[in-house]
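Colleague:
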Amino acid sequence: MPNIRPSSELRNNYTGIMKFCRQKRQPVFLTVNGKGDSVILPIELYEQSQEEQKLALLLDEAEAEINAGNCFTHEEVFGELNQKIERLRKTENL
Numbered sequence: 064m065p066n067i068r069p070s071s072e073l074r075n076n077y078t079g080i081m082k083f084c085r086q087k088r089q090p091v092f093l094t095v096n097g098k099g100d101s102v103i104l105p106i107e108l109y110e111q112s113q114e115e116q117k118l119a120l121l122l123d124e125a126e127a128e129i130n131a132g133n134c135f136t137h138e139e140v141f142g143e144l145n146q147k148i149e150r151l152r153k154t155e156n157l
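Just so we're aligned, residue 64 is where the sequence shown starts under the working numbering, counting upward by one.
1. Would you list the one or two residues that DSSP bridges to Pro68?
2. If I measure Cβ to Cβ from Ser101 and keep anything under 6 Å in the same chain, skipping five residues before and after, which residues do I get?
3. Between the beta-carbon of Ile106 and the beta-carbon of Val91, is there less than 7 Å?
4. Using DSSP's beta-bridge definition, name the partner residues of Gly99.
5. Can you tell me which of the three DSSP states Cys134 falls into?
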């Protein structure tokens, strides 16, 4: 269940709110006049959220590429890698 508090509590009990966020690793939702206004969360949760958002975007891009047919089989990828390795070996042996 979300932890919802009036914004006035932030002014009156900043330390307590931040202690809750850090110990529980949960956000606190602030209201103004009974309506949602802001969210406070520990920096670690914010950074994790940002990384998860980046990953979700990358996965969406990858899925779009697959759906568009812009992908390779593992045979194609490893075949090309093996060819490059063989070319490198030949040039190093010269």
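Cβ coordinates follow ideal geometry from the N, Cα and C atoms, glycine included.
Modeller: The structure says:
1. Strictly speaking, residue 68 in this sequence is Arg, with Pro absent from that position. According to DSSP, which records beta bridges pairwise, Arg68 is partnered with Leu93.
2. Leu93
3. Against a cut-off of 7 Å, the Cβ pair of Val91 and Ile106 comes out as no contact.
4. Thr94
5. Here Cys134 carries a coil assignment [DSSP, helix/strand/coil].
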